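Visitor: If you use the working numbering, the sequence shown corresponds to residues 1 to 242, in order.
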Amino acid sequence: MEASPPAVPSKDPAPSPGSLLHDFKVYKPSDWSHLRPPPPPPESYFTPSPADVKAAQATLSARTHALTDRPLELKAVRDERERAKRDRWPNTTIRVRFPDRTQLEKIFPSTSRIKAVYAFVRERLRDDVKPIKFILYQPPKIEFKNSDPNVRDKSLAELHLAPSSVLMLRFEDESLNHATTPAPLLSEVLALAEDLPAPPNYEQPAPAPSSSTEGPPPALPKPSGSGEKKIPKWLAAGLKKK
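Here it is, written out as structure tokens:
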């Protein structure tokens, strides 16, 4: 009996778990309770100016026009609009927020389907949690179920998730949906967690430039030669005639 030839290793080996840990970000649960809420706006803020009224009328007119004419729009025109969106936003940043406010972030091609987001999240769940189903959604009731053909067959751009969106995550097992339950992610994924950047504080004025850091005024260029002003020959000849 002849021995079987040795197996030829694949040119594209499967990526190791460690190689998957560098194409996304993990953010710790945010805690901005120490930040003061902004002061309430003055009463004049709620009084619309003539420009505000004009802009609101233009927006309402455009919305009415879109609702009236869109059903009559040719498919080629709609396809061209979607293509323009894809060209403008080739990538989509998706941030998935767990019940405890831990967040996973990854950049997907805008042509990807929602199943790519589900697969990305599931690969990073603990082994005991991977079999448990979960739903990605946006408040209040927009669910992106992979079983829904109206969602499954559309790209992220067609789902209006481009250029960036935050999706909430809800498990079918309610015990995993408590705000006090840590996100059931792999330990090597949690080890990459970093603080979520705090929102900018617009109340703090910009620091004034320090006088000590200001340098001396720039020196004026020195005249070349002996310092005497040179007179053009034609002007000198005119002066001699006078």
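C-beta: ideal position from N, C-alpha, C; glycine also. Predicted model only: the values in this text are computed from it and were never measured.
#1: If you drop the 5 nearest sequence neighbours on each side, which residues of the same chain put their C-beta closer than 7 Å to that of residue 44?
#2: Rank 101, 156, 173 and 181 by C-alpha distance to the C-alpha of residue 90 and give the top, closest one.
#3: Let me make sure I understand the geometry here. Which of 117, 105, 120 and 138 has the alpha-carbon closest to that of residue 167?
#4: Can you tell which of 179, 169 and 180 has its C-alpha closest to the C-alpha of residue 105?
#5: Step through the CB atoms of chain C and report whether any lies within less than 9 Å of the CB of residue 62.
#6: Would you call the stretch 169–186 in contact with the stretch 86–100, where contact means no fewer than 3 C-beta pairs closer than 8 Å?
#7: If you check the beta carbons only, do residue 184 and residue 128 fall under 9 Å apart?
#8: Does DSSP put residue 21 in a helix, a strand or coil?
#9: Looking at C-alpha atoms only, which residue of 107, 176 and 79 is the closest neighbour of residue 126?
#10: Give every residue of the same chain whose Cβ lies closer than 8 Å to the Cβ of residue 194, excluding the five residues on either side of it in the sequence, and list them in chain order.
#11: Roughly how many whole angstroms lie between the Cα atoms of residue 145 and residue 154?
#12: Would you call residue 286 buried or exposed, if buried means 16 or more other Cβ atoms sit within 10 Å of its Cβ?
#13: Tell me where the beta strand (DSSP E) around residue 106 begins and ends.
#14: Hey, residue 281 and residue 114: beta-carbon distance below 9 Å or not?
#15: Where does residue 59 fall in DSSP's three states?
#16: The beta strand (DSSP E) that contains residue 171, what's its start and end?
#17: Quick one: residues in its chain with C-beta nearer than 6 Å to the C-beta of residue 111, no 5 flanking neighbours on either side, listed in chain order?
Guide: In this structure, then:
#1: Within the same chain, no residue comes within 7 Å of residue 44 by CB-CB distance, once the 5 residues on both sides are set aside.
#2: Of the candidates 101, 156, 173 and 181, the one whose C-alpha sits nearest the C-alpha of residue 90 is 156.
#3: Cα-wise, what sits closest to residue 167 is 138.
#4: Nearest option by C-alpha distance: 169.
#5: Looking for chain C here will not work: only one protein chain is present.
#6: Yes: at least three Cβ pairs fall under 8 Å.
#7: Cβ atoms of residue 184 and residue 128: closer than 9 Å.
#8: At residue 21, the pLDDT of 49 sits below 50, so the modelled position is not reliable; the number obtained from the coordinates is stated separately. Correct three-state label for residue 21: coil.
#9: Proximity to residue 126 across 107, 176 and 79 peaks at 176, based on C-alpha coordinates.
#10: 25, 26, 27 and 28.
#11: Between the alpha carbons of residue 145 and residue 154 lies a distance of about 12 Å.
#12: Given a span of 1 to 242 for the chain in the structure shown, any question on residue 286 remains unanswerable.
#13: Segment 103–109, the beta strand (DSSP E) holding residue 106.
#14: With the chain covering 1 to 242 only, the question about residue 281 has no answer from this structure.
#15: For residue 59, the secondary structure class from DSSP, reduced to helix, strand or coil, is helix.
#16: Its beta strand (DSSP E) spans residues 164–171.
#17: These residues qualify, in order along the chain: 155.
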